Amino acid sequence: MYTAKIPKLAVIALAGFAVSESYSVPWASIDVPIELQKRVFPFVEGALMCLQESGSPNEGTYNFLRLLVELRPFFWRTMAAISLQFPNSRLLQCIKIIKDADAKAFFNKWPSALKA
């Protein structure tokens, strides 16, 4: 098994942050509705179920699918931040699920959620 032995403190310092300080991203704690999350990588739950039913689940595939689930809220928060700063972004025009009424409602709540 491969284990990365990257020195965390060195990486923090090289990125320009003070090693002694703690950092948080306030918008990372904003909740994303679960139904909205499931619109990103909608196949994941079915794939996980098939993998578990197979009797010998591939750990790498399982972990990758779990990663996709974990990335869902990050996708929506990032898209909301982009829509706030760049409402006419071509990126927002190209992604179909962003045009959904629930997505637009989430984007409309974004500015007030940031202040809370």
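For what it's worth, my numbering labels the leading residue of the sequence shown as -2, then goes sequentially.
Backbone N, C-alpha and C define an ideal beta-carbon position, used for all residues, glycine too.
Computed from a predicted model, the values in this text were never measured in an experiment.
If we ignore side chains and look at the alpha-carbon of each, how far apart do residue i and residue j end up?
{"i": "residue 36", "j": "residue 82", "result": "23 Å"}
{"i": "residue -2", "j": "residue 59", "result": "Unreliable positioning characterises residue -2 in this predicted model, as indicated by a pLDDT of 47, which lies under 50. A coordinate reading is not provided."}
{"i": "residue 11", "j": "residue 63", "result": "30 Å"}
{"i": "residue 30", "j": "residue 73", "result": "10 Å"}
{"i": "residue 61", "j": "residue 41", "result": "10 Å"}
Do residue j and residue i come within 8 Å of each other at the CB atom, strictly closer than that value?
{"i": "residue 69", "j": "residue 38", "result": "yes"}
{"i": "residue 9", "j": "residue 110", "result": "no"}
The alpha helix (DSSP H) spanning residue i covers which residue range?
{"i": "residue 101", "result": "98 to 112"}
{"i": "residue 25", "result": "Counting along the chain, residue 25 falls outside any alpha helix (DSSP H), and DSSP gives it neither H nor E."}
Count the CB pairs spanning the segment 92 to 110 and the segment 52 to 66 that are closer than 8 Å, and state whether there are at least three.
Remark: fewer than three beta-carbon pairs, one from each stretch, lie closer than 8 Å, so the segment 92 to 110 and the segment 52 to 66 are not flagged as touching.
Could you give the uninterrupted runs of the alpha helix (DSSP H) lying entirely in the segment 2 to 68, keeping only those of 4 residues or more?
5 to 11, 31 to 34, 41 to 50
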